[in-house]
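Chains as they are written, first to last, in our numbering: chain V, 35 to 274; chain A, 35 to 274.
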DNA sequence: CTAATAGTGTCTATTAGACATTATGTG
DNA sequence: CACATAATGTCTAATAGACACTATTAG
């Protein structure tokens, strides 16, 4: 049999395969807190519990896995998050009561203000502070996935500027430092942090917008990210 | 309907889902070269081309995704590789002629001597030098996957001792340095490398076996890895 | 002027790079 | 002893931590 004939007779349902889904772990920073977007499940299994936005690939609509997670996140936020990165894939026979299941998890970051009104309008979606997850009933293994995503983002805080995507397009260095501090769970030396940021600026990865904050104190320079800033990894990590 | 009733009537084949497979990217170091284990495909699609060892989850046998990749790698090598790590998951509508497909890729490392006879006995499996991949017809998107795995392993060479798992249980620092140099594609200062290794030894992560190499030159100390060495990440990377 | 936050200067500690030097086996 | 490779010593450069200091706004 040649390949063409084989493909014609190929039946994708001939063998049992795992239940396959994609989940999005969307973080933001608001009111000095890190928050994660959760959705109250309206269907079995784990109906009524809170879970990550996600679902099945639509083979007719999605060209790839990222399309799926973007589609699901857009449903709840109205926007395509500016930062999306694959976190990990979990597959085993026990995580889902329906049977052997697999989920590909993506971490995404978005500015709170960019989706505030849309999230408020979606009745089953809600931002939850990471520190208050303990009080919530979570579906499947989503508590562990959130913890793993937070851990990965913590590493990003040590060696990159990626957490900046939890902030609005224009942000101050003090705000960004605080995001990093919340992720690391400890203060960072202002000097160290700013030295790193100046090097990014020299490299053209962080851009001084020329604008300033206003208020009853010294105005702070508003910076914005260059698109290539996402790829920059510092040769030396901040220390823990 | 309660959850029990729902689960009873749940049909996993009700919706079309992607073709789902797991692939293993197994590297080793032999004759001063990095090599990857490839398998000549005996079935459509891409019959006759070379691909990564992998296949479908056996829902009855495998408890999780790692079980699947270990089972597939064991078929070709006879052993469970001492280092296994998830690389990434690729899913789109174009990578497989049969249709929308997903593969979860794992990077694994093994000592060449630990599976040499078994690999030789498997007629369709073969170690291929990374530098000679250009000559080979590769199935699906496996060339890109190998490149991505090599890139990830390069990062490991910059910030960890993980590449040591491509070597036998007992190895010299010179051998290990050369593995790292091959991965980085450039020489490393011996002083820098050995300083890092002494710190690992002080931390109990690298163990002096008390044995030595023999030969017409100064004998070298043989070291072995502590099981926890795999988790150690240096705070500062080697530079490129 | 005061309060509050933004931003800088400077010293130390750690660790990588560069390169020379010494050590220890076999034949 | 000669050779080859293993292992060490030492200086410089880069960058993080600590902490004190200066700058700039609103009111």
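A virtual CB, placed ideally from N, CA and C, is assigned to each residue, including glycine. Predicted model only: the values in this text are computed from it and were never measured.
Apart from the five residues just before and just after residue 192/V, which ones in its own chain have a Cβ nearer than 6 Å to its Cβ? 271, 272
Alpha-carbon to alpha-carbon, residue 119/A and residue 265/A: 11 Å
For the alpha helix (DSSP H) holding residue 189/A, just list the boundary residues, first then last. Taken as a continuous stretch (DSSP letters only), the alpha helix (DSSP H) holding residue 189/A covers 176-193.
Selection of the region 38-70 of chain V by Cβ proximity to chain A, strictly under 7 Å: For the region 38-70 of chain V, the residues whose beta carbon sits under 7 Å from a beta carbon of chain A are, in order, 40, 41, 44, 46, 47, 49, 50, 51, 52, 53, 54.
Can you round the beta-carbon distance between residue 83/A and residue 164/A to whole angstroms, since I take them to be within the 8 Å contact cut? Not really, about 17 Å apart at Cβ, beyond 8 Å.
With H, G and I counted as helix, E and B as strand and the rest as coil, what does DSSP make of residue 152/V? Here residue 152/V sits in helix by DSSP.
Under 8 Å, Cβ to Cβ, is there at least one residue of chain V near residue 133/A? At a cut-off of 8 Å between beta carbons, residue 133/A contacts chain V.
Same chain only: Cβ atoms within 7 Å of residue 242/A, ignoring 5 sequence neighbours per side: Once the five neighbours on either side are set aside, the close Cβ partners of residue 242/A are 235, 255, 257.
Give me the Cα-Cα distance between residue 190/V and residue 42/A, rounded to the nearest whole angstrom. 43 Å
Would the region 50-57 of chain V count as touching the region 48-60 of chain A if we require 3 or more Cβ pairs under 8 Å? yes
Any idea which residues DSSP pairs residue 242/A with across the strands? 257/A
Which residue marks the beginning of the beta strand (DSSP E) containing residue 54/V, and which one marks its end? 53-64
Following the continuous beta strand (DSSP E) through residue 69/A, name the residue where it begins and the one where it ends. 67-74
If we require 4 or more residues per run, which alpha helix (DSSP H) segments fall completely within the region 79-149 of chain V? 99-111
Delimiting residues of the beta strand (DSSP E) encompassing residue 213/A: Premise fails: residue 213/A lies in the alpha helix (DSSP H), 207-218, not in any beta strand (DSSP E).
Is the region 150-157 of chain A touching the region 95-113 of chain V, taking contact as three or more C-beta pairs under 8 Å? no
First through last residue of the beta strand (DSSP E) which encompasses residue 160/V: 159-163
Which of the three DSSP states is assigned to residue 251/A in this structure? coil
Closer than 7 Å between beta carbons: that is the criterion. Which residues of the region 80-100 of chain A meet it against chain V? 81, 90, 91, 93, 97, 98, 99
Secondary structure of residue 172/V, DSSP reduced to three states: strand
Option nearest residue 117/A by Cα separation, candidates 196/A, 225/A, 159/A: 196/A
Pair every Cβ in the region 71-85 of chain V with every Cβ in the region 161-176 of chain V, then say whether three or more of these pairs are closer than 8 Å. The region 71-85 of chain V vs the region 161-176 of chain V: in contact.
Alpha helix (DSSP H) segment containing residue 231/V, residue limits: Unbroken alpha helix (DSSP H) run through residue 231/V: 224-236.
Note down, in chain order, each residue of its chain lying with its Cβ closer than 7 Å to the Cβ of residue 107/A, except the 5 sequence neighbours on either side. 58, 60, 87, 115, 142
Given 8 Å as the limit, is there contact between the region 122-134 of chain A and the region 94-101 of chain V, that is, 3 or more CB pairs closer than that? Of all C-beta pairs linking the region 122-134 of chain A to the region 94-101 of chain V, three or more are shorter than 8 Å, placing the two stretches in contact.
Look at the alpha carbon of residue 80/V and the alpha carbon of residue 238/A, and state the distance between them as a whole number of angstroms. 45 Å
Check for me: the alpha helix (DSSP H) holding residue 40/V runs from which residue to which? From DSSP, the alpha helix (DSSP H) with residue 40/V extends over 37-43.
Any C-beta of chain A sitting closer than 8 Å to the C-beta of residue 73/V? no
Whose C-alpha, out of 188/V, 158/V, 35/V, 244/V, is nearest the C-alpha of residue 121/V? 188/V
Which residues of chain V have a Cβ atom closer than 9 Å to the Cβ of residue 127/A, listed in chain order? 93, 96, 97, 98
Are the CB atoms of residue 167/V and residue 160/V nearer to each other than 8 Å? Contact flag unset, no.
Smallest Cα separation from residue 226/A: which of 207/A, 216/A, 219/A? Comparing C-alpha distances from residue 226/A to each of 207/A, 216/A, 219/A shows the shortest one belongs to 207/A.
So is residue 262/V in contact with chain A if we call contact Cβ pairs under 8 Å? Under the Cβ distance rule, residue 262/V does not count among the residues neighbouring chain A, no pair being separated by less than 8 Å.
Is the shortest distance between the beta-carbon of residue 105/V and the beta-carbons of chain A less than 8 Å? no
Do residue 145/A and residue 62/A have their C-beta atoms within less than 8 Å of each other? yes
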